[in-house]
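What follows is one structure encoded as structure tokens, with my remarks underneath.
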Amino acid sequence: MGEKWSMDRVGSLSGKVAVITGASSGIGYETALGLAKKDITVILGCRDLTKAQKAKSAIIYHYPTAQIDCLPIDTSSLRSVSAFATLVETRYGKLDLLINNAGIMMSPYHVTEDGFENQFATNYLGHFALTGLLLPLLKSVPGSRVVTLTSLSYKWAEIDFDDLQAKKGYSRRTAYGQSKRACLIFAYELQRRLAGAGYNVRSVAAHPGLAKTNLDKYFPALIRPLGSLFLQPARQGALPVLYAALETAINGGEFVGPNGFQQIRGYPGMVDSDDYSTDIKVAGRLWKASESLTNVSYLS
Ligand SMILES: NC(=O)c1ccc[n+]([C@@H]2O[C@H](COP(=O)([O-])OP(=O)(O)OC[C@H]3O[C@@H](n4cnc5c(N)ncnc54)[C@H](OP(=O)(O)O)[C@@H]3O)[C@@H](O)[C@H]2O)c1
Numbered sequence: 007m008g009e010k011w012s013m014d015r016v017g018s019l020s021g022k023v024a025v026i027t028g029a030s031s032g033i034g035y036e037t038a039l040g041l042a043k044k045d046i047t048v049i050l051g052c053r054d055l056t057k058a059q060k061a062k063s064a065i066i067y068h069y070p071t072a073q074i075d076c077l078p079i080d081t082s083s084l085r086s087v088s089a090f091a092t093l094v095e096t097r098y099g100k101l102d103l104l105i106n107n108a109g110i111m112m113s114p115y116h117v118t119e120d121g122f123e124n125q126f127a128t129n130y131l132g133h134f135a136l137t138g139l140l141l142p143l144l145k146s147v148p149g150s151r152v153v154t155l156t157s158l159s160y161k162w163a164e165i166d167f168d169d170l171q172a173k174k175g176y177s178r179r180t181a182y183g184q185s186k187r188a189c190l191i192f193a194y195e196l197q198r199r200l201a202g203a204g205y206n207v208r209s210v211a212a213h214p215g216l217a218k219t220n221l222d223k224y225f226p227a228l229i230r231p232l233g234s235l236f237l238q239p240a241r242q243g244a245l246p247v248l249y250a251a252l253e254t255a256i257n258g259g260e261f262v263g264p265n266g267f268q269q270i271r272g273y274p275g276m277v278d279s280d281d282y283s284t285d286i287k288v289a290g291r292l293w294k295a296s297e298s299l300t301n302v303s304y305l306s
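The numbering of the sequence shown is the numbering used here, which starts it at 7 and goes up by one.
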């Protein structure tokens with residue numbers, strides 16, 4: 007792909023329906039804006055509907071004919087994820103694009119209503135369940151896609167199968183790393199399982215490099231402005247996600263990130279991960295554990 011991929015490569019995709027979680031700010035908002043620009047009907051899946059409505063108004067300000075819906079989802083709650091999936095099915099009955107984007111980074115220790123460590127639940131387990139629950143809608147559209155957001159921080163941790171919920175000791179950094187590692191392993195494994203089942207649904211992993219968003223809200227106040235010096239704008243950070251979602255060259259199983267220095271910034275391109283992320287034994291074990299924890303079983 008050329009050095010500077012842009013949305014100009016993509017024509018109107020009117021009639022397509024996309025779900026994006028965590029669309030109220032940052033990468034999620036910019037991705038939703040990009041999808042709306044291409045006439046895609048966008049469902050903003052947000053835990054705070056006031057913020058979602060603000061995002062919707064901002065998108066409509068840019069694109070007055072945009073079709074935007076706001077539906078409630080808290081990805082840290084299996085009950086909420088399930089209710090959201092039911093709403094999407096009732097209102098739309100099909101899905102072209104699912105973007106698993108919602109996330110928190112390095113938050114204080116917190117156990118969710120389902121008994122999970124919050125970063126693992128919000129960033130990974132909720133999206134594992136959501137993907138399974140929406141799979142029937144995705145299957146009904148040939149060539150539909152699931153894009154799952156990971157991060158360069160996947161390198162911070164492997165999967166601690168003996169202590170997935172960090173009950174034996176909590177590190178904010180390790181928990182974030184594990185959740186993003188799980189998202190990457192999941193994106194690859196989902197593609198393997200979709201292909202194995204003969205479904206024409208594609209799974210792609212994407213990361214935005216380092217982008218200026220609200221993700222650093224749990225960082226010390228003094229550090230936040232310093233970090234901003236290295237960050238690219240959220241709109242640029244959303245480009246790998248839009249590429250993964252819309253570029254025709256995507257076949258499934260790719261990992262898309264910025265092509266610049268250390269994948270921190272730049273334009274979208276294919277990036278490599280590591281042996282652990284592509285290990286099918288690890289992936290199989292994670293899938294089984296995720297099914298058991300979420301009570302959502304699919305493609306197994
Ligand atoms: N920014 C970066 O440099 C960077 C780097 C690597 C990966 N990423 C990934 O990019 C994704 C988007 O993050 P961002 O940088 O755009 O940060 P952001 O501006 O903080 O956006 C995160 C979004 O997720 C939502 N969210 C958080 N917890 C949620 C929950 N329990 N249920 C539903 N929505 C929830 C937030 O909603 P509220 O507004 O209600 O909080 C917000 O809309 C994340 O997956 C993150 O890991 C970002």
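Glycine included, C-beta positions come from ideal geometry on N, C-alpha and C. The structure displayed is predicted, hence computed values, not measured ones.
| Item | Value |
| --- | --- |
| May I ask you to report which of helix, strand or coil DSSP gives residue 236? | coil |
| Within the present structure, is the beta-carbon of residue 214 separated from the nearest heavy atom of ligand 1 by less than 6 Å? | yes |
| From what residue to what residue does the beta strand (DSSP E) around residue 26 run? | 23-27 |
| Could you spell out the range, first to last residue, of the alpha helix (DSSP H) harbouring residue 151? | Where residue 151 is concerned, there is no enclosing alpha helix (DSSP H), although the beta strand (DSSP E) it sits in stretches over 150-155. |
| Verify the contact flag: residue 57, CB atom, against every heavy atom of ligand 1, threshold strictly below 6 Å. | yes |
| Once the 5 residues before and after residue 273 are set aside, which same chain residues still bring their CB inside 7 Å of it? | 9, 10, 11, 245, 264, 265 |
| So what does residue 276 bridge to, in DSSP terms? | 262 |
| For ligand 1, any of its heavy atoms closer than 6 Å to the Cβ of residue 2? | For the chain, the structure presents residues 7 to 306; residue 2 sits outside this window and is missing. |
| Which one or two residues does DSSP pair with residue 51 in a beta bridge? | 27, 77 |
| Could you give the DSSP three-state label for residue 244: helix, strand or coil? | coil |
| For residue 56 and residue 281, I'd like the C-alpha separation in whole angstroms. | 42 Å |
| With 16 other CB atoms within 10 Å as the buried threshold, where does residue 51 fall? | buried |
| Per DSSP, what kind of secondary structure is residue 256 in: helix, strand or coil? | coil |
| What did DSSP end up calling residue 131 once you bin it into helix, strand or coil? | helix |
| Taking only three categories from DSSP, how would you classify residue 7? | Residue confidence is low: residue 7 scores 46 on pLDDT, short of 50, so the model does not pin down where it sits. No coordinate-derived value is stated. |
| Does the pairing of the region 12-28 with the region 103-121 give three or more beta-carbon distances under 8 Å? | yes |
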